[in-house]
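Visitor:
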Ligand code: GLU
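Put into structure tokens, the structure is as follows:
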């Protein structure tokens, strides 16, 4: 077996809120790296904060990961040899590790808490913040060769608490103990944890454990303005994308590009190609900026590539829920409409508005289109002409429609294209939509002539 298959990475979320885009991206980068090297992707739930953890958050998290296709090799629901994978079930392990430090003198008790003792020369300094004297330590600087940030040097200056006086272990301690116990070789996490890494490194060394390879990935900035994306920002929660019928492949592809790129111009990439190209060298040092337009346009691209059956399978319940379809909707007609609309539709979410006029006569008219098209001085003249021309087309199919309209335009020295907006508006109330002549054939001759007649009628009043 190659050495790379020994790689073990973990995603270690605290289930205290929703599944945020930043967490999802951290999970994704761990997953990508594991798949790239053929290693193991562990999911560990850091649920030590009893007051803030909820079952609901855990459910949303697991669902979100599954939706994105980020399957884990060890962790909740799948098990594995390094469990349990919930920190709330690992109290005995933490106590044993604490006792090791107490026994070796690297930890001591004070005020009911357990403290980690730094090595180095101790001295007293005045703390401006606390307005009192404190004991400080000249500890050896910790050097971390971060796979993304490069060489990072930092030193701790004071002993720190590892068990609170409530008896609960703190994050730094359990995080490191579990990384040791679970044999984690690479710690890939958000840059907001970089400042914790020197504490973590001190703990690894105190246990005589080798340091994992750290890789701190850049923050995700909000769409505009300064600051990192927060839970409250539009587009921040993975479950929103699921609710809005985004394609998970598209969201995942977009998340890959938040802080990583294949060093060429490719953006839309099959996940197999991303897995192959993914490594730490491709991760940017600079922060990534969230761009919802780019995400939406990637989603549109993925949507257009779906087999029409899959597109229909996604569209149907959304159209039914929006009451565009009723129970009696003709399946054959629906399939034709969807096939026609797929190449132009922007999202599943917009479909009800985009194609409602195929299913109802009382469709709304776009105000801008009304002004621009129904306001044309030749509007009724063109409608009259279209009624006359289209009544005679038999069979009502694209080549015939094209030939009839073209011949009439040639005879009059007019341009066919100048009639199209009028035709489309009368049939749909819109200025844009699927290809026009195929749309006529899907609507069918009777519907087309009836709508043209109604439009003429309305124009006359
Ligand atoms: N529970 C921590 C978090 O959610 C994990 C940090 C880490 O990956 O080491 O931020």
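Residue numbers (our numbering): -18 to 442.
Ideal placement from N, C-alpha and C gives every residue a C-beta, glycine not left out.
Among the residues of its own chain, which have a CB less than 7 Å from the CB of residue 162, if the five just before and after it don't count?
Guide: Cβ within range, chain order: 63 and 74.
Visitor: When the Cα atoms are used, what is the spatial distance from residue -18 to residue 258?
Guide: Annotation note: pLDDT 43 at residue -18 (below 50); position unreliable, no value reported.
Visitor: Going by beta carbon distance, what residues of the same chain come within less than 8 Å of residue -14, once the five residues before and after it are set aside?
Guide: So the qualifying residues of the chain are 18, 19 and 20.
Visitor: Can you find the residues in the same chain that come closer than 8 Å, C-beta to C-beta, to residue 442, ignoring five residues on each side of it along the sequence?
Guide: The answer is none, since no qualifying residue turns up.
Visitor: Per DSSP, what kind of secondary structure is residue 110 in: helix, strand or coil?
Guide: Of the three classes helix, strand and coil, the one that applies to residue 110 here is coil, per DSSP.
Visitor: Assuming residue 7 and residue 169 make a contact with CB atoms under 8 Å, what is their CB distance in whole Å?
Guide: About 7 Å; that satisfies the 8 Å criterion.
Visitor: Since residue 326 and residue 314 should fall inside the 8 Å C-beta cutoff, what is the C-beta to C-beta distance between them, to a whole number of angstroms?
Guide: 17 Å between Cβ atoms; not a contact.
Visitor: Keeping to the same chain, check which residues put their C-beta closer than 8 Å to that of residue 142; ignore five residues upstream and five downstream.
Guide: For residue 142, where only same-chain residues beyond five positions count, the Cβ hits under 8 Å are 94, 95, 96, 97 and 151.
Visitor: Do residue 317 and residue 412 have their C-beta atoms within less than 8 Å of each other?
Guide: Not in contact: residue 317 and residue 412 (Cβ atoms no closer than 8 Å).
Visitor: Mind the definition here: the region 208 to 224 touches the region 285 to 300 only if three or more C-beta pairs lie below 8 Å; say whether that holds.
Guide: No, the region 208 to 224 does not touch the region 285 to 300.
Visitor: I need the straight-line Cα distance from residue 366 to residue 347, nearest angstrom please.
Guide: Using only the alpha carbons, I get a separation of about 23 Å.
Visitor: What three-state label does DSSP hand residue 396 in the structure shown?
Guide: Note: residue 396 maps to coil in three-state DSSP.
Visitor: State whether the region 175 to 187 contacts the region 242 to 254, with contact taken as three or more CB pairs (one from each stretch) at a distance under 8 Å.
Guide: Touching, no.
Visitor: Give me the Cα-Cα distance between residue 13 and residue 268, rounded to the nearest whole angstrom.
Guide: Approximately 19 Å, taken between the alpha carbons.
Visitor: Looking only at DSSP bridge pairs, what is residue 126 linked to?
Guide: Beta-bridge pairing links residue 126 to 132.
Visitor: Determine the direct distance from the alpha carbon of residue 116 to that of residue 192, and round the result to whole angstroms.
Guide: If you take the alpha carbons of residue 192 and residue 116, they lie about 28 Å apart.
Visitor: Less than 7 Å separating the Cβ of residue 34 from some heavy atom of ligand 1?
Guide: Because no heavy atom of ligand 1 lies under 7 Å away, the Cβ of residue 34 does not count as near it: no.
Visitor: Are residue 397 and residue 387 touching if we call contact CB-CB under 8 Å?
Guide: Closer than 8 Å, so yes.
Visitor: Does the Cβ of residue 294 have 16 or more other Cβ atoms within 10 Å, making it buried, or fewer, making it exposed?
Guide: So residue 294 counts as exposed.
Visitor: So which of 180, 167 and 202 has the shortest CA-CA distance to residue 154?
Guide: Answer by Cα proximity: 180.
Visitor: Find out if the Cβ-Cβ distance for the pair residue 199, residue 266 is shorter than 8 Å.
Guide: In contact: residue 199 and residue 266 (Cβ atoms closer than 8 Å).
Visitor: For residue 38, which of 220, 337, 376 and 341 has the nearest alpha-carbon?
Guide: For residue 38, the nearest C-alpha among the options comes from 220.
Visitor: Assuming the contact rule is C-beta atoms closer than 8 Å, residue 231 and residue 300 should be a hit. Round their C-beta distance to whole Å, please.
Guide: Incorrect: roughly 20 Å between the Cβ atoms, too far for contact.
Visitor: Quick one: what's got a C-beta closer than 6 Å to residue 78's C-beta in the same chain, skipping five residues either side?
Guide: Taken in chain order, the residues that qualify are 158.
Visitor: Given that a residue counts as buried once 16 or more other Cβ atoms are within 10 Å of its Cβ, and exposed if not, what is residue 438?
Guide: Exposed is the call here.
Visitor: Please return the same chain residues whose Cβ sits closer than 8 Å to the Cβ of residue 124, not counting the five positions on each side in sequence.
Guide: Closer than 8 Å at Cβ, skipping near neighbours: 132, 133 and 134.
Visitor: Measuring alpha carbon to alpha carbon, tell me which residue in 90, 235, 139 and 381 is nearest residue 281.
Guide: The option with the nearest alpha carbon to residue 281 is 235.
Visitor: Measure from the alpha carbon of residue 309 to the alpha carbon of each residue in 330, 341, 3 and 30, then state which is nearest.
Guide: Checked all of 330, 341, 3 and 30; the closest Cα to residue 309 is 341.
Visitor: In three-state DSSP terms, what is residue 195?
Guide: Note: residue 195 maps to strand in three-state DSSP.
Visitor: Along the beta strand (DSSP E) that carries residue 209, what are the first and last residues, could you check?
Guide: Here residue 209 belongs to no beta strand (DSSP E), and DSSP marks it neither H nor E.
Visitor: Can you name, in chain order, every residue of its own chain whose Cβ lies under 8 Å from the Cβ of residue 114, other than the five neighbours on each side?
Guide: Hits under 8 Å: 105, 106, 107 and 108.
Visitor: Find the nearest neighbour of residue -7 within the set 68, 390 and 239, judged by alpha-carbon distance.
Guide: Comparing Cα-Cα distances from residue -7 to each of 68, 390 and 239, the minimum goes to 68.
Visitor: Give, in chain order, every unbroken run of the beta strand (DSSP E) that is at least 3 residues long and sits entirely within the region 126 to 182.
Guide: Whole beta strand (DSSP E) segments, 3+ residues: 131 to 135, 141 to 144 and 167 to 171.
Visitor: Alpha carbon to alpha carbon, how far is residue 271 from residue 53? Give it in angstroms, no decimals.
Guide: Roughly 26 Å separates the two Cα atoms.
Visitor: Got a sec: does ligand 1 put a non-hydrogen atom nearer than 7 Å to the Cβ of residue -7?
Guide: True, at least one ligand heavy atom lies under 7 Å from that Cβ.
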